[in-house]
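> One point on numbering: in the numbering used here, the residue at position 66 of the sequence shown is 67, and numbering is uninterrupted.
For each residue, glycine too, the CB sits at the ideal point set by N, CA and C.
Since the structure is predicted, the reported quantities are computational estimates derived from the model, not experimental observations.
This is the structure, below, for whatever I ask next.
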Amino acid sequence: MKLRPLHDRLVIKRLDEVLAVGNGKILEDGKVRALDVKVGDKVLFGKYSGQTVKVDGDELLVLREDDVMAVIA
2 MKLRPLHDRL VIKRLDEVLA VGNGKILEDG KVRALDVKVG DKVLFGKYSG
52 QTVKVDGDEL LVLREDDVMA VIA
């Protein structure tokens with residue numbers, strides 16, 4: 002099964018990397034802004050951020066870009 006996150010959501014595997022990103026954040030004027038986080042990025046996020054889901058036996062985390070504190074270089 003493949004997940005396609007909507008809008009400004011990300012799918013990540015804990016202690017791994019970003020697996021998928023949404024199309025972008027919808028701004029107040031209705032325009033869509035591309036996300037800063039890209040597939041393959043390693044990110045830092047809060048301990049209680051996002052929602053845990055199980056897909057094909059893998060435990061994944063779905064969260065919004067706003068929950069990401071930093072991209073690890």
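Report, in whole angstroms, the separation of the C-beta atoms of Val-40 and Val-19, which I expect to be a contact under 8 Å.
Working through the sequence shown from its first residue, we reach residue 40 at position 39. Working through the sequence shown from its first residue, we reach residue 19 at position 18. Contact holds; Cβ gap of about 6 Å.
> Roughly how many whole angstroms lie between the Cα atoms of Leu-45 and Arg-5?
As a first step, residue 45 must be located in the sequence shown, where it is residue number 44. As a first step, residue 5 must be located in the sequence shown, where it is residue number 4. If you take the alpha carbons of Leu-45 and Arg-5, they lie about 21 Å apart.
> What residues match up with Val-38 in a beta bridge as DSSP calls it?
As a position in the sequence shown, residue 38 is number 37, starting the count at 1. Bridge partners of Val-38: none, in fact.
> Would you identify the three-state DSSP class for Glu-29, choosing helix, strand or coil?
Reading the sequence shown from its first residue, position 28 is the one you call residue 29. DSSP places Glu-29 in coil when its eight states are reduced to three.
> Cutting at 6 Å between CB atoms, please list the residues of its own chain near Ala-71, excluding the five before and the five after it.
On the sequence shown, residue 71 is found 70 positions in, with the first residue counted as 1. Counting only Cβ-Cβ distances below 6 Å, and skipping sequence neighbours, we find Leu-45.
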